[in-house]
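Residue numbers (UniProt numbering): 1 to 166.
Here it is in structure tokens:
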């Protein structure tokens with residue numbers, strides 16, 4: 001038979017173990033803006049890029065429902081050109097957080113219009129649209145000018161090498 005003090009002790013142990021079986025999971029779509037860039041070149045006044053942009057974003061969102069990235073292009077209304085779009089979420093985002101990050105970037109990126117291109121870097125995702133197919137570019141020499149190297153180490157595209165000052 002268990003005495004009253006032992007019973008109370010076992011109850012507390014049971015509650016402690018039971019509560020620790022469940023972990024608290026907080027969702028974070030990581031929508032803090034890191035960089036926002038609009039192209040200096042604009043569509044002509046006769047080109048109506050806004051409906052094309054809206055349709056492009058809808059297509060990207062539909063594709064993004066099934067994977068963590070999407071790319072698509074459409075013909076620009078009243079123009080001979082095309083509009084290309086890309087959205088990519090970091091692999092550690094849940095599908096819901098990826099869609100939330102995309103929604104945040106999609107709300108900000110239209111402020112670039114009528115520019116022919118724009119990009120937004122959020123902590124959890126990246127989105128870009130432009131008037132040419134940039135899908136095979138790793139960097140854009142005119143827009144990607146930030147160099148994160150230092151004299152203490154270089155770790156881009158090769159093994160890290162650390163220089164220790166003497």
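For each residue, glycine too, the CB sits at the ideal point set by N, CA and C.
- Between residue 70 and the set 95, 79, 46, the nearest pair of CA atoms involves 95.
- Scanning its chain for C-beta atoms nearer than 6 angstroms, with the 5 sequence neighbours on each side dropped, one finds around residue 128 the residues 86, 119, in chain order.
- DSSP places residue 35 in the strand class (E or B) of the three-state scheme.
- The residues 102, in chain order, have a CB closer than 7 angstroms to that of residue 61 in the same chain once the five nearest residues on each side in sequence are set aside.
- For residue 106, the enclosing alpha helix (DSSP H) begins and ends at 95-108.
- Between residue 124 and residue 39, the CB-CB gap reaches or exceeds 9 angstroms.
- The C-beta separation of residue 83 from residue 113 comes to about 10 angstroms, leaving the pair out of contact by the 8 angstroms criterion.
- When the alpha-carbon of residue 132 is set against those of 108, 34, 12, 76, the nearest one is in 76.
- Among the bridge pairs identified by DSSP, residue 88 is matched with 69, 126.
- By the Cβ neighbour-count rule, residue 92 is exposed, with fewer than 16 other Cβ atoms within 10 Å of its own.
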